[in-house]
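S.K.: Got a structure for you, questions after.
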Amino acid sequence: MQPSHDLGASTGTADAAEYAAAVLALVGRIPTARVMTYGLVAEIVGETLHRGGPRQVGRVLRESSGVDDDGAPLPWWRVLAASGYPPAHKREEVLRTLRAEGCPLSADGRRVDLRRAVWFPDPDADTAPGGSGPDRHP
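Mapping the sequence shown onto numbering that gives the first Met the number 0, position 123 (from 1) lands on 122, and the numbers just tick up by one.
Given below as C-alpha cells:
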C-alpha cells in the first residue's frame with residue numbers, strides 16, 4: 000500500500016499532528032555528523048503511519064519551532080535532499096554546521112557524502128517519540 004501524501008483535510012488535524020510528532024522525534028535522534036534524506040525520514044515514518052512523503056517531511060521541518068519538547072535545538076540541518084545538497088536558501092549555514100560536526104562532505108565540499116554519512120535507525124529500536132533503542136550506521 001502506498002502512503003498517502005496528503006496530511007491536510009483528508010487525514011485531519013490530529014493525524015497531521017501525529018505525523019509531525021513522529022517526524023520531529025526521528026529527526027531529533029539523528030546523531031552528530033550523520034544525516035538522513037527527506038525521503039528516508041518519510042519512508043521510516045510511513046512504515047508506521049502509512050502516510051506522508053519527502054515534501055511533507057520538509058513541510059513539518061519548515062513549520063517546526065526548531066526545538067524539541069525539552070527546548071533543545073532540533074537538528075533540522077541533518078535532513079537533506081537525496082542528492083546530498085542542503086536547501087539552497089540555507090546551504091552555507093548547513094554546510095558550515097555539518098563541517099564543524101565532522102560530517103563527511105564531497106571532495107568539493109558542496110554536498111554531503113551520503114554513502115559515508117547517512118544514518119539508519121535500528122529497525123528493532125523503539126522508534127516511538129522518546130524511544131531510546133540502539134541505532135546503526137552504514
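Glycine residues also receive a C-beta, built at the ideal position from the N, C-alpha and C atoms.
Determine, using beta-carbon pairs with one atom in the region 58-73 and one in the region 92-103, whether at least three such pairs fall under 8 Å.
M.R.: Not touching, per the Cβ criterion.
S.K.: Could you tell me the distance, in whole angstroms, from the CA atom of R50 to the CA atom of Y18?
M.R.: In a straight line, the C-alpha of R50 is about 8 Å away from that of Y18.
S.K.: State the Cα-Cα distance for the pair P85 and R109, rounded to the nearest angstrom.
M.R.: Answer to the nearest angstrom: the Cα atoms are 9 Å apart.
S.K.: Less than 6 Å between C-beta atoms, sequence neighbours within five positions excluded: which residues of the same chain meet that for P103?
M.R.: Cβ neighbours of P103 beyond the five flanking positions: D112, R115, A116.
S.K.: Given V26, which residues of its chain have a CB within under 8 Å of its CB, disregarding the five upstream and five downstream residues?
M.R.: Result list for V26: M35, V40, L60, L73, P74, W75, R77, V78, in chain order.
S.K.: Which residue from A106, P122, V93 puts its Cα closest to that of R33?
M.R.: For the residues A106, P122, V93, the minimum Cα distance to R33 belongs to V93.
S.K.: Given this structure, state the Cα-to-Cα distance separating S82 from G11, to the nearest angstrom.
M.R.: So the two alpha carbons sit approximately 32 Å from each other.
S.K.: Would you check if the distance between the CB atom of A21 and the CB atom of V44 is smaller than 7 Å?
M.R.: For A21 and V44, yes; Cβs fall inside 7 Å.
S.K.: Evaluate R28 with the Cβ neighbour count: other Cβ atoms within 10 Å of its Cβ, from every protein chain shown; 16 or more gives buried, anything less gives exposed.
M.R.: By the neighbour-count rule (16 or more Cβ atoms within 10 Å), R28 is buried.
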